[in-house]
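Comments concern the structure below.
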Amino acid sequence: MMMKTVKSIMYALMGLMVMTQGISIAGETYPDTGLGEKLVRQFWTDMKTENIKALEAMMAPGFQSIHADGARNRQEEIELIKGLHMKPYVLDNFRETHAGPVMIVTYTVSVSETIAGKNLAAKPSPRLTAWLKTDHGWQIIVHANPRCLH
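Taking my numbering, the leading residue of the sequence shown gets -17, the next gets one more, and so forth.
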């Protein structure tokens, strides 16, 4: 049942990406400015240093994430981050698209991490982080980590 839910959420995220591409094609496009990479790198720095205050400010109230073990809301994600105790990581292969106030950034990360009590080796795996431009600046609305726990 859990895997079916994870697959459904991943399909919804892919649909969001397709819709955003459609909006971009309709004329509201922005070049890859590098802003997405800068924001993602700050997000990972704050996770690694467990800078919870910065993460709380960075994550929109309606934030959601999806991981191989299920979905999380903002508070659940913050609790997950508190327990990560991340090792050194490498971020690479950034792609950024903009549509109106939404920015989607895909990238790969190599990091040794523990999720749901399972230690995962540091091999490159994809990530997706979506940002919304708000009155408080850019805030994360979606983060996807489809890395398999097996």
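Glycine is no exception: its CB is placed at the ideal position from the N, C-alpha and C atoms.
Quick caveat, the model's predicted, so the values are computed rather than measured.
Roughly how many whole angstroms lie between the Cα atoms of residue i and residue j?
i: residue 110; j: residue 99; result: 22 angstroms
i: residue 19; j: residue 41; result: 16 angstroms
i: residue 94; j: residue 71; result: 7 angstroms
i: residue 28; j: residue 34; result: 7 angstroms
i: residue 69; j: residue 126; result: 19 angstroms
On the DSSP bridge assignment, give the partners of residue i in chain order.
i: residue 57; result: Beta-bridge pairing links residue 57 to no other residue.
i: residue 121; result: 114
i: residue 46; result: 55 and 124
i: residue 72; result: 92
Let me confirm a value: residue i is counted as buried when at least 16 other C-beta atoms fall within 10 Å, else exposed. Which label applies?
i: residue 79; result: buried
i: residue 112; result: buried
If I measure Cβ to Cβ from residue i and keep anything under 7 angstroms in the same chain, skipping five residues before and after, which residues do I get?
i: residue 26; result: 71 and 73
For residue i, I'd like the list of residues in its chain whose CB is within less than 6 angstroms of its CB, leaving aside the five on either flank, ordered along the chain.
i: residue 59; result: 47
i: residue 54; result: 47
My understanding is that residue i touches residue j, with C-beta atoms under 8 angstroms, so please give their C-beta distance in whole angstroms.
i: residue 64; j: residue 32; result: 6 angstroms
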